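My numbering numbers the first residue of the sequence shown as 19 and each following residue consecutively.
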Amino acid sequence: MEEAISAEQPLATPAPATESETTLDLLRELVRLWLPVLTEHVLHLCVGLVSTYLANHLPNDAAAAAAAVGTMAYIIWFMGLIVSAIGTGSMALIARARGARHRSLANGVCGQSATAAMTLGTCIGLVFLVLGPYIVDLTNLQGKAHDFALTYVRLLSFALPFSTFMFVANACLRGAGDTVRPAICMVTVELINLAVAFTLTQGFLGVPALGFKGIALGTAASYIVGGLMQFVVLVRGRGGVRLHLHRMRPHWLTLKRVFRIGIPSGTEGLLTWAANFAIVIVINRLDKTNVMPAAHNNAIRLEAISFMVGFAAAIAAAAMVGQSLGMKRPDRARKSAYLGYAVGGGFMTLCGLIFILFGGAMSRMLATDPRIAELTRQCLFITGFVQCGFAASIVFSGTLRGAGDTMAVMLINLASIIGIRFVGVMFVGWYFGTLASIWVVLCIELMCRGIFMYARFLHGGWSRVSV
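This is the structure in structure tokens:
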């Protein structure tokens, strides 16, 4: 196995970049990578908004269901962060291999990443299934919201091996420069999620109305389909990388390279998640009527209109940065990062203005309860002023990860999220106890993190990281 991976064969594509490549050429390449990811993210946003809408309109249980949906979003985020320990390393290595035109290395990384993803998903699924009640107890959700969350965790546990494989497969394909097939997969996943959740929740087509359970079943069913789809795509060898079954046997040298990049990102993600989840617990404890948790969730869902575009730009820029460094072109990598921020940051800044001016109307469209709508409006007004800094934290951290500079990203995120966000929220939660004061702290931290990420990018150490 080691000999097979080291005997690297050249890729047929892409053609090497030339010095005459213009900024417009790079922008076209960025947009080519960005649009499929953007399509995927927009649909994901729509599904999240629909799930939140369905929860907010469940008879007699609206606040509890909305609080449970919002808290369970953090469980799904937790899963994504764990998988990032594999996906980030896979994407960076495959992007370098593609830039250097080494097919064998790319395929070897893909095989090892697939094995690690399925093993991880199975283990976590078992933990969720057995320890579900204890996990939900940690959220501090009250009454019906607690019961809804437990249903969600148990149903999600069966889909985790499929979802972890799907997310890692998407990272491998994006590293190879193919953002179309991951987007097709995720669009399919989100459409299935939307159809199943809407049908089962409302009881359409002769199906009995299952209420909140329909939302959870929609998520689980869509992840299973997505995992199977991406397995077929990789085995067939589409998108510039191929999954050979013999390459799924553990190869410790390749796994070590993947985790050397990915573990700092995964560790950062888990600690970041822990800090943010603690904030959710604080919010859940402040209001036993579930109004404040519901408003917090609604505000994040609406803010996602902005940051989903930023994440799409970060993914496209990260792939270009990794490929550029594989081509030995740090100048191209640097320009790609700035173009990513111009696209993602420009849109997010515009969204910030919309939140400030029209946040109230947006909030009332999502929730019928005037208490929830007013709290949501306050949060959107506050976050509108920091979308440019939020964009910098997203895009420049993404490009640093694409270069393999995950240790610096980890240190910056931990210092900012724990030192500013967590400590600040604990303070204002204790002394003020209002959702608006908590969001002020969250937004100050986002702006600071954006400044720190950009400072690291200006430093330039990412261009010399060895992967």
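Note that the Cβ used here is the ideal one computed from N, Cα and C, for glycine as well.
Quick caveat: nothing in here was measured; it's all calculated off a predicted structure.
Please work out which residues of its chain come closer than 6 Å, Cβ to Cβ, to residue i, disregarding the five sequence neighbours upstream and downstream, and give them in chain order.
i      : result
Ser324 : Met366, Cys369 and Gln405
Leu178 : Gly139, Ile142 and Gly143
Asn486 : Because the chain spans 19 through 485 in this model, residue 486 falls outside it and cannot be assessed.
Phe440 : Ala293
Gly442 : Val459
Gly280 : Ala103, Ile104, Thr106 and Gly107
Ala312 : Ala81, Ala84, Ala85 and Ile390
Gly232 : Ala215, Leu218 and Thr219
Ala73  : Ala83, Ala84 and Val87
Met204 : Glu58
Tyr359 : Val413
Cys461 : Ile400, Thr401 and Val404
Phe146 : Val171 and Ser175
Val251 : Arg199
Just verifying my parser: in three-state terms, what is the DSSP assignment at residue i?
i      : result
Ala213 : helix
Phe176 : coil
Met345 : coil
Asp79  : coil
Gln160 : coil
Pro268 : coil
His262 : coil
Asp43  : helix
Ala337 : helix
Asn308 : coil
Asp196 : coil
Gly105 : helix
Gly468 : helix
Gly364 : helix
Glu20  : Because Glu20 carries a pLDDT of 32, less than 50, the predicted location of this residue cannot be relied on, and no value is offered for it.
Phe146 : helix
Thr57  : helix
His120 : coil
Phe450 : coil
Gly287 : helix
Ala25  : At Ala25, the pLDDT of 30 sits below 50, so the modelled position is not reliable and the matter cannot be decided from this model.
Val483 : coil
Gly88  : helix
Gly478 : coil
Ala473 : helix
Ser181 : helix
Got a sec? Which residues, its chain only, sit under 7 Å from residue i by beta carbon, not counting five neighbours each side?
i      : result
Met310 : Ile301, Leu304, Leu393 and Leu453
Ser354 : Leu44, Leu48, Ala335, Met338, Val339 and Ser342
Gly129 : Leu261, His262, Arg265 and Met266
Ala317 : Thr394, Cys397 and Leu398
Asn382 : The question names Asn, but residue 382 in the sequence shown is Arg. Correct list, in chain order: Ala391.
Phe470 : Ile430 and Ser434
Gly161 : Ala82
Should residue i be counted as a contact of the ligand ZN given a C-beta to heavy atom distance under 7 Å?
i      : result
Ile372 : The model depicted lacks the ligand ZN and carries no ligand whatsoever.
Only counting the same chain, and skipping five residues up and downstream in sequence, which positions put a Cβ closer than 8 Å to that of residue i?
i      : result
Leu68  : Looking at the sequence shown, residue 68 is not Leu but Val. Excluding residues within five positions, the ones whose Cβ falls inside 8 Å are Leu212, Ala215 and Phe216.
Gly150 : Leu168, Val171, Arg172 and Ser175
Glu39  : Arg350
Leu42  : none
Leu235 : Leu173, Val214, Ala215, Leu218 and Leu228
Arg474 : Phe414, Leu418, Asp423, Ala426, Val427, Ile430 and Trp480
Phe373 : Leu320, Glu321, Ser324, Met380, Leu398, Phe399, Thr401, Gly402 and Gln405
Pro268 : Gln130 and Thr133
Pairs of beta-carbons, one from the segment 277-291 and one from the segment 366-385, closer than 8 Å: are there three or more?
Contact fails: fewer than three Cβ-Cβ distances are below 8 Å.
What ranges does the alpha helix (DSSP H) occupy inside the segment 377-424, keeping only unbroken runs of at least 4 residues that lie completely in it?
With a minimum length of 4 residues, the continuous alpha helix (DSSP H) runs that stay inside the segment 377-424 are 388-401 and 405-420.
What are the uninterrupted segments assigned as alpha helix (DSSP H) that are 4 or more residues long and contained completely in the segment 202-259, given in chain order?
The alpha helix (DSSP H) runs lying completely inside the segment 202-259 and spanning 4 residues or more are 230-254, given in chain order.
Below 8 Å, can you find three or more Cβ-Cβ pairs linking the segment 399-416 to the segment 461-470?
Yes, they touch.
I'd like to know if the segment 53-60 and the segment 190-206 are in contact, where contact means that at least 3 CB-CB pairs between them fall below 8 Å.
With a cut-off of 8 Å, the segment 190-206 and the segment 53-60 count as touching, because enough Cβ pairs lie within range.
At least 3 beta-carbon pairs within less than 8 Å: the segment 187-194 vs the segment 107-116:
Verdict: yes, contact present.
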